[in-house]
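Reading through the structure tokens given below for one structure.
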Amino acid sequence: MLEGPKVSQSELAKRFGVSQPQICRIIKNKERILSEWHRNGDPERKRKREGKDATLEAALLRWVEGARAADLPVSGPLLQLKAKHLAEALGRPDPEPSGDWLARFGARHNLAFKKPPAEKGDTEQPTAEHWAGAVLPGLLRSYAPSEIYACGETGVLLPASSPSKGESAGDRLTVLLCANADGSEKAPLRAVGESPRPRCLRGINLGQMPWSYRASSLAGMTAPLFTEWLQEFNEGMRRQGKSVLLLLTKHEAHPYLQLSNVRMVFVPPATALAQPLDRGIASDLKGHYRRRLLRWVPAERGAGQPILLDALHMLAQAWGDVRPRLIASCFRAAGFSPDAGAEAPALALAPGSLSQEQLERRALMDEELERDGEPADADGDEGTTEGEDAGEPAAVQPCPSEREVWGSLATLRRYLECRATSPDLFQAFYELEDAVHMVSAS
């Protein structure tokens, strides 16, 4: 109408039932209004309503545009989580966006949270059987077993303890596991809990721990946390000069990234293609973790139930207890190893196929066998030896009690947590702790 025959502003005001100054403002801002209308793409929209926090919405919209430009999946829950992180970074008093706010944000910016194009064609992708028989063998032939990795998450429960600030009783952890096909390398554990700032982790040199800890709502893995881990994993491979294959399941929390030294391949969802982690690696880790929980005796250690920090160390020890041979057999059983076809028939009784109870019983039996191999005269030096001067009893220190020994180990561990310069130091400490337990139990 503004482009047709000239009509006075007063006539337009009468025709649309508005004031003449309002018509004047519309004509003055015609270009801006048309630009925003085209950008919104909704011809039925009559009002331009801004959100309460324009800065937050602008930052979130830039993130959405960047994610879609990189062909990353953007879902409603993921967008809500990203909005929470941005609100916290901007120091907003109420950083938890609601579902209604998300719907209004999507309507304002014409955003539809649908599956990305790569996921829509899932039904047109090769079947799991075809992928396992034709696609996977070609991938595996291009890499050595030490260059084929699989990663995934498993859940563990923390022991119930007295609630304290920053921690709650009976918390759950999600643990990210990653290992290669010959078991020669196991990536450090990445644990995800609910508490963002656990009190027990204060003052610890977290960069030198044999594990890492992150927080998210419901203690679950999220796309931003997994992206962070992927980038760290890729950097580790770059420093080693390795180009590796990473096999993982398709999940909302597993975005695809183009990385310099890591090629990500998503395994089709199918029971026949169970991840190596599900073939026995995760259950073996949990068996070792449970065994260490069971041998925690509060009376001896002078403490209550294990806290989050204790559990993280136990998980790192349990991950170290998972033997390379078992990892390699689980990769072969899953068909994720170049020599899987030649050895598959012999894997029916692989350790990875044992139940949780059987794995734990085997671990306890191994411990008993090791304990039986200890010398029987471990306490034989309590008396005086021939030629020893019995007139100087003050020079002989009494044998420490169990509680004193475990207290000394706790002090040593705390010193390493604060002053360690390498995660490798903890492997030596874990071996020392196991040796003390063996002596104590004999």
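Residue numbers (the working numbering): 26 to 467. Heads up, the beta-carbon is just placed ideally off N, CA and C, and yes, glycines get one too.
Per DSSP, Ile229 is not a residue of any beta strand (DSSP E), being assigned neither H nor E. Inter-residue distance for Phe454 and Arg438 is about 8 angstroms (C-alpha atoms, whole angstroms). With a minimum length of 4 residues, the unbroken runs of alpha helix (DSSP H) contained wholly in the segment 324-358 fall at 333-346. Distance from the Cα of Ile332 is smallest, within the candidate group Val99, Cys225, Gly345, Ser426, for Cys225.
The Cβ-Cβ distance between Trp321 and Asp335 falls below 9 angstroms. In the three-state reduction of the DSSP assignment, Ala132 falls in the helix class.
Between Glu442 and Asn230, the CB-CB gap stays under 9 angstroms. Pairing Glu458 with Leu434 gives a Cβ-Cβ distance under 9 angstroms. The C-beta of Ser426 has fewer than 16 other C-beta atoms within 10 Å across all chains shown, which makes the residue exposed. Per DSSP, the unbroken beta strand (DSSP E) holding Tyr238 starts and ends at 236-240. Going by DSSP, Tyr455 is part of the alpha helix (DSSP H) stretching over 449-466. Put simply, the backbone Cα of Cys176 is about 11 angstroms away from that of Leu214. The alpha-carbon of Lys53 is positioned some 27 angstroms away from that of Asp78.
Ser237 is the residue among Arg264, Ser268, Ser237, Lys267 whose C-alpha sits nearest the C-alpha of Glu253. Selection Gly329, Ala359, Arg304, Phe251 evaluated against Pro162 yields Ala359 as nearest (Cα-Cα). Using a Cβ-Cβ distance cut-off of 8 angstroms, the segment 278-287 and the segment 214-223 are not in contact, since fewer than three pairs of beta carbons, one from each stretch, lie closer than that value. At least 9 angstroms separates the beta-carbon of Ile352 from that of Val269. Counting along the chain, Phe41 sits inside the alpha helix (DSSP H) bounded by residues 34-41. Looking at the DSSP output, Gly177 sits in a beta bridge with Leu202. Between the beta-carbon of Phe361 and that of Pro293 there is about 13 angstroms, and that puts the pair past the 8 angstroms contact cut.
Sequence-distant partners of Thr199 (beyond 5 residues in either direction) whose C-beta falls short of 6 angstroms from its own C-beta, in its chain, are Glu178, Gly180, Val217, Ala244, Gly245, Met246. At a Cβ-Cβ threshold of 9 angstroms, Pro363 and Ala169 count as neighbours.
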